[in-house]
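Note sheet for the following structure.
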Ligand SMILES: NC(=O)c1ccc[n+]([C@@H]2O[C@H](COP(=O)([O-])OP(=O)(O)OC[C@H]3O[C@@H](n4cnc5c(N)ncnc54)[C@H](OP(=O)(O)O)[C@@H]3O)[C@@H](O)[C@H]2O)c1
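Numbering (the numbering used here), first residue to last: 33 to 324.
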């Protein structure tokens with residue numbers, strides 16, 4: 033038994049040194065008794081993604097059993113896949129790859145991870161909710177399908193580049209009428225939202241791209257930042273300075289999307305409650321562990 037190699041998994045991205053995924057999957061491994069090795073893999077950058085593809089194929093050829101994918105490769109992870117789940121098609125991106133003969137299957141677990149954590153933190157589903165989302169990048173694309181499935185009253189997208197928000201809306205022709213594209217001035221005319229989600233990363237915010245002059249909030253508005261960091265994120269900090277008590281960052285989503293990847297690979301959904309407890313969260317928030 034002792035000489036058996038454990039199953040090999042990894043998270044692939046560039047940069048990758050700061051990824052928290054190995055810590056999370058090691059916890060799941062310990063909890064479920066499924067022995068595995070989970071590493072960080074850096075893929076070279078190339079405009080057409082071929083170097084990423086080669087790195088993935090090499091990992092699977094060497095016996096790798098699954099890959100999580102992070103920035104900037106999530107759309108290549110879908111476009112080079114042999115087959116893909118509906119959630120990856122809708123998002124135009126994948127974060128979970130499983131080897132198949134001659135290629136891989138692509139899944140996107142960000143949406144499920146977001147919905148599970150949102151329910152845990154907010155204590156309700158998004159049914160009949162009025163929702164505002166900042167950003168229209170990969171993270172927002174990943175959650176939109178799952179959010180629409182909960183039958184909210186409306187989802188407003190507010191993005192620096194309006195065309196990108198429009199292109200994202202077009203990906204959901206069946207529910208498109210629920211999605212409204214709003215500019216910042218148009219936000220001023222809106223009634224308070226039940227939920228405000230941020231999908232704009234810290235670096236963009238450091239560049240001065242903060243659009244958060246949001247009058248459309250009430251005491252009950254819930255603020256969910258998909259971004260996470262060792263310190264309080266700018267969006268959560270902003271919500272708190274406005275006196276908003278209900279705000280959280282995206283660390284819980286990170287844990288939940290990892291759990292869903294684990295389920296896809298191992299057929300077992302790990303129990304995440306112990307990971308959301310303070311000792312593990314403090315470990316994830318250690319200053320050496322920055323954004324994924
Ligand atoms: N918690 C989790 O599990 C999880 C999962 C996935 C992602 N995330 C986080 O979500 C964040 C976004 O990731 P992503 O993959 O969606 O990135 P992305 O695809 O690059 O999208 C970035 C978004 O930020 C906007 N933006 C960039 N610079 C800006 C500026 N200066 N002013 C205003 N807006 C600006 C972009 O607007 P334009 O369209 O105008 O460029 C776009 O909407 C990251 O911090 C990532 O770590 C977390």
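The beta carbon of each residue, even a glycine, is placed where N, CA and C say it ideally should be.
In this structure, does DSSP put residue i in helix, strand or coil?
{"i": "residue 41", "result": "strand"}
{"i": "residue 163", "result": "strand"}
{"i": "residue 33", "result": "Summary for residue 33: the model assigns pLDDT 43, below 50, so the residue's position carries little reliability; its value from the coordinates is reported in the next sentence. Coil."}
{"i": "residue 54", "result": "helix"}
{"i": "residue 191", "result": "coil"}
{"i": "residue 156", "result": "coil"}
{"i": "residue 323", "result": "Residue placement at residue 323 is flagged as unreliable, the pLDDT there being 46, under the threshold of 50; a coordinate-derived value is accordingly withheld."}
{"i": "residue 177", "result": "helix"}
{"i": "residue 124", "result": "coil"}
{"i": "residue 183", "result": "coil"}
{"i": "residue 260", "result": "coil"}
{"i": "residue 230", "result": "strand"}
Going by DSSP, what residue range makes up the alpha helix (DSSP H) through residue i?
{"i": "residue 217", "result": "216–219"}
{"i": "residue 272", "result": "266–273"}
{"i": "residue 106", "result": "106–111"}
{"i": "residue 82", "result": "82–93"}
{"i": "residue 311", "result": "310–316"}
Assuming residue i is part of the beta strand (DSSP E), what are its boundary residues?
{"i": "residue 292", "result": "Taken as a continuous stretch (DSSP letters only), residue 292 belongs to no beta strand (DSSP E), being part of the alpha helix (DSSP H) at 283–298."}
{"i": "residue 139", "result": "135–139"}
{"i": "residue 131", "result": "128–132"}
{"i": "residue 71", "result": "68–74"}
{"i": "residue 102", "result": "Segment: none, residue 102 is in no beta strand (DSSP E) and carries neither H nor E."}
{"i": "residue 304", "result": "Residue 304 -> no beta strand (DSSP E), and no H or E assigned at all."}
Compute the minimum distance between the beta carbon of residue i and the heavy atoms of ligand 1, and state whether it is under 7 Å.
{"i": "residue 325", "result": "Any answer about residue 325 is impossible in this case: the structure gives the chain only from 33 up to 324."}
{"i": "residue 259", "result": "yes"}
{"i": "residue 285", "result": "yes"}
{"i": "residue 144", "result": "no"}
{"i": "residue 170", "result": "yes"}
{"i": "residue 167", "result": "yes"}
{"i": "residue 338", "result": "The first residue shown for the chain is 33 and the last is 324, placing residue 338 beyond what the model contains."}
{"i": "residue 124", "result": "no"}
{"i": "residue 158", "result": "no"}
{"i": "residue 201", "result": "no"}
{"i": "residue 81", "result": "no"}
{"i": "residue 45", "result": "no"}
{"i": "residue 282", "result": "yes"}
{"i": "residue 49", "result": "no"}
{"i": "residue 5", "result": "With the chain running from 33 to 324 in the structure shown, residue 5 is simply not present."}
{"i": "residue 103", "result": "yes"}
Is residue i near ligand 2 - that is, is its Cβ less than 7 Å away from at least one heavy atom of it?
{"i": "residue 193", "result": "Ligand 2 is absent from the structure shown, which contains only ligand 1."}
Worksheet item: Within the chosen definition, does the segment 210–220 reach the segment 150–157 through at least 3 CB pairs nearer than 8 Å?
Response: The count of Cβ pairs closer than 8 Å, one atom from the segment 210–220 and one from the segment 150–157, stays below three, leaving the stretches out of contact.
Discussion item. Measuring CB atoms only, is the segment 307–321 touching the segment 52–60, in the sense that at least three cross pairs come out at less than 8 Å?
Written reply: Taking a contact to require three or more Cβ pairs closer than 8 Å, the segment 307–321 and the segment 52–60 qualify as touching.
Discussion item. Across the segment 280–290 and the segment 246–265, are there enough close Cβ pairs to call them in contact, namely three or more that are closer than 8 Å?
Written reply: yes
Worksheet item: Would you call the segment 184–199 and the segment 208–215 in contact, with 3 or more CB pairs under 8 Å?
Response: Counting Cβ pairs under 8 Å, three or more are found: they touch.
Worksheet item: So, do the segment 104–123 and the segment 74–90 have three or more beta carbon pairs nearer to each other than 8 Å?
Response: Look at the beta carbons and you see the segment 104–123 touching the segment 74–90: at least three pairs across the two are nearer than 8 Å.
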